[in-house]
Structures are given as C-alpha cells and as structure tokens.
C-alpha cells in the first residue's frame, strides 16, 4: 500500500505504539515495585496495563495489515501475482491481450480469450453480485469486475 494517506497513518500508529510501549513498561515497573515493596509473591498488574497491552496489539495488527504486500504470502508477492492472473484472463491462445496485434491470430489482432469474452459471468460475490469479465479498457478497475444482482433488470 503506497497511498500517502496510508503512509501517514502508519507513521502516526508507529508513534502511538512507541508511546504505549513506554507506558506499558512504566506501568509494569510500577506494579513490580509495589509487589516488591509489600513482599508479594505475585505481581498484580492494573487494568490500565491490560488496556495498554491490548492497544499495542491492535496497533501492531493494523500495521501488519497495512504494510506493503499486506495479504501476501510468505514471499510478499501473492496479491500482485493474483492481480496478474486476473488481468491475463483476456489473452488469446497465443498469449496476446484482446485487441493487441497477434501474428498467430487470423485477423492479425487478438480476439482475446475465446472462453471469456467481455461480459461473461465468471462467478458470484458474497451477496449475489456477479463477477464478470470486464472490457479491455476496464480490466484494471476492480469495480468493472462486479455487477449488481439487479443490473440485468435495469438494462
């Protein structure tokens, strides 16, 4: 994620995480000092210490989800590879995108994937929205891959 807003948010989350870690350390030292002062065998941490610890975990989770390559596999490339697979669905049998020049195709221009012409329904989303093969100019727009379930009735 290289959006400047995400970068700024990540920077602010890092600052908050560092402040909370220092707070957590201070609260832990205070609880341990009290336990030692009273010769207690167990340390009783405050509810505030637990909330600070939970906030740190939440920030770390958010930072992990927004780091470049988030959602990717162990090598950090899964999302990029998946996007490449989707954008390659319009290639002809010779490997050329729809509308590109292709020496192997009879007309000299790739007709695209004969099994998935634009507008073909290739799946369904969670709420019944159709996932369709978009037109060549729209294949990099995620919204073009989906249609509303009632879109057919509108046409």
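Numbering (the numbering used here), first residue to last: 125 to 279.
Where a beta carbon is used, it is the ideal one built from N, C-alpha and C, also for glycine.
Would residue i and residue j be called neighbours here (beta carbons separated by less than 8 angstroms)?
| i | j | result |
| --- | --- | --- |
| residue 179 | residue 144 | yes |
| residue 235 | residue 229 | yes |
| residue 211 | residue 264 | yes |
As a quick exercise: from the options, pick the residue whose alpha carbon is nearest that of residue i.
| i | options | result |
| --- | --- | --- |
| residue 222 | 261, 188, 162, 253 | 261 |
| residue 240 | 257, 247, 159, 206 | 257 |
| residue 250 | 271, 242, 138, 167 | 271 |
| residue 168 | 175, 159, 176 | 159 |
| residue 219 | 191, 153, 233 | 233 |
| residue 175 | 129, 147, 156, 209 | 147 |
On the criterion of 16 or more Cβ atoms from any shown chain inside 10 Å, does residue i qualify as buried, or is it exposed?
| i | result |
| --- | --- |
| residue 226 | buried |
| residue 183 | buried |
| residue 279 | Confidence at residue 279 is low in this model, with a pLDDT of 49, below 50, so its placement is unreliable and the value that follows should be read with caution. Classification of residue 279: exposed, given that the 10 Å Cβ count is below 16. |
Establish whether the CB of residue i and some CB of chain C are separated by less than 8 angstroms.
| i | result |
| --- | --- |
| residue 176 | No chain C is part of this structure, which consists of one protein chain only. |
Name the DSSP beta bridge partners of residue i, please?
| i | result |
| --- | --- |
| residue 251 | In the DSSP output, where bridge partners are listed per residue, residue 251 has none listed. |
| residue 221 | 215 |
| residue 270 | 255 |
Check your understanding: Can we say the segment 130-138 touches the segment 170-187, given the rule of at least three CB pairs closer than 8 angstroms?
Key -> Yes, the segment 130-138 is in contact with the segment 170-187.
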